[in-house]
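The opening residue of the sequence shown carries number 8 in my numbering; numbering runs sequentially from there.
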Amino acid sequence: MTALDVPTRGFTGDIDRPRGGALAALMRHSLALARRSLIKTVRTPEALIDVTVQPVIFLLLFTYLFGGAIGAGDRGAYLQFLLPGLLAQSLALGGIALGQNLNADIEKGVFDRFRSLPVARSAPLVGAVSADIVRYLTVCVFMLGFGTLMGFRVETGFLPAVAAVALSIGFGLCFCWISVWVGMLVRTPGAVQGVMFLLIFPLSFGSNVFVQTDTLPGWLQAFVQVNPITPLVSTIRGLLVGGPVAHNLTVTLVWMAGLLVVFVPLALRAYARRA
8 MTALDVPTRG
18 FTGDIDRPRG
28 GALAALMRHS
38 LALARRSLIK
48 TVRTPEALID
58 VTVQPVIFLL
68 LFTYLFGGAI
78 GAGDRGAYLQ
88 FLLPGLLAQS
98 LALGGIALGQ
108 NLNADIEKGV
118 FDRFRSLPVA
128 RSAPLVGAVS
138 ADIVRYLTVC
148 VFMLGFGTLM
158 GFRVETGFLP
168 AVAAVALSIG
178 FGLCFCWISV
188 WVGMLVRTPG
198 AVQGVMFLLI
208 FPLSFGSNVF
218 VQTDTLPGWL
228 QAFVQVNPIT
238 PLVSTIRGLL
248 VGGPVAHNLT
258 VTLVWMAGLL
268 VVFVPLALRA
278 YARRA
């Protein structure tokens, strides 16, 4: 019997009478539901393909298929340029599965059972997002580990590299609320994937992930400059291989705050209507 199978009528445990206020209760409930999401991931490891195999395939393809042309024949130099950008792209793509899983849970009636439990209303969403930390950490480990085998080298030191990973995970946790919101709006998990791909691909390819901004036509440079992926990529590059960081980091943090301010309320409102 699992926690979701326990009847809630007359339940008088700590979860029904949270100590330390609503915020402490939300944290406890969210952590419990995050553990549920992690258990599902452990039992279905194939669900991690999009944060393990897929980023490595992108790295191999763009380095060896296009690196000779884009990098003027120097694939090693292009790998140093490419990997930080692909790391940012992979984090954005990694959040798609979250919206799909939440959408599937709603269709299966799982969230109806959550509503019968004395837990904070937003805990299922916050818990699911919290569990995604493991997915984003997996992306970083696989990208940096496999990139190192291919010849990528961190040129700035250990602490800047840790800062790059922390920033990447933080941005992923903010960006994934878009996927959560879409997952609450559309009818099927497949529709979540379709909508998110339509959003992420223009953002990732219309940025400085694959090429320098100054090589693009003027009208596209204007889009790249206001693209949230661009300052993130520039910051990660600066932290991993050297370059200016302060301005790009500030812009990235502003974008992260903006994503939370806009999409967390939208996702919670859509969840209240849907569930």
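Note that CB positions come from ideal geometry on N, CA and C, so glycine has one too.
- S97 has its alpha-carbon roughly 14 Å from the corresponding atom of L67.
- Only exposed fits Q232, as fewer than 16 other CB atoms lie within 10 angstroms of its CB.
- The beta carbon of F178 sits closer than 7 Å to those of L98, L239, T259, M263, all from its chain and outside the five residues before and after it, given in chain order.
- The DSSP assignment places 196–212 as complete runs of the alpha helix (DSSP H) inside the region 187–229, in order along the chain (cut-off: 4 residues).
- Ranked by Cα distance from L33, the options P62, G134, A170, T59 are led by G134.
- Cβ-Cβ distances below 6 Å link L275 to S129 in the same chain, with the five nearest sequence neighbours on each side left out; the list follows chain order.
- Distance check between L266 and each of P235, A170, F153 places P235 closest, using alpha-carbon atoms only.
- Each of T222, S186, L223 was checked against the Cα of V269, and the nearest Cα belongs to S186.
- Of the residues assessed, F212 falls on the exposed side of the cut-off, its CB having fewer than 16 other CB atoms within 10 angstroms.
- Nearest Cα to F149 within the set L55, Q107, M191, V126: L55.
- Beyond the five residues adjoining it in sequence on each side, T145 comes within less than 7 Å, by CB distance, of L55, V58, T59 in the same chain, given in chain order.
- Here W184 really is in contact with V271; their C-beta atoms are around 5 Å apart, less than 8 Å.
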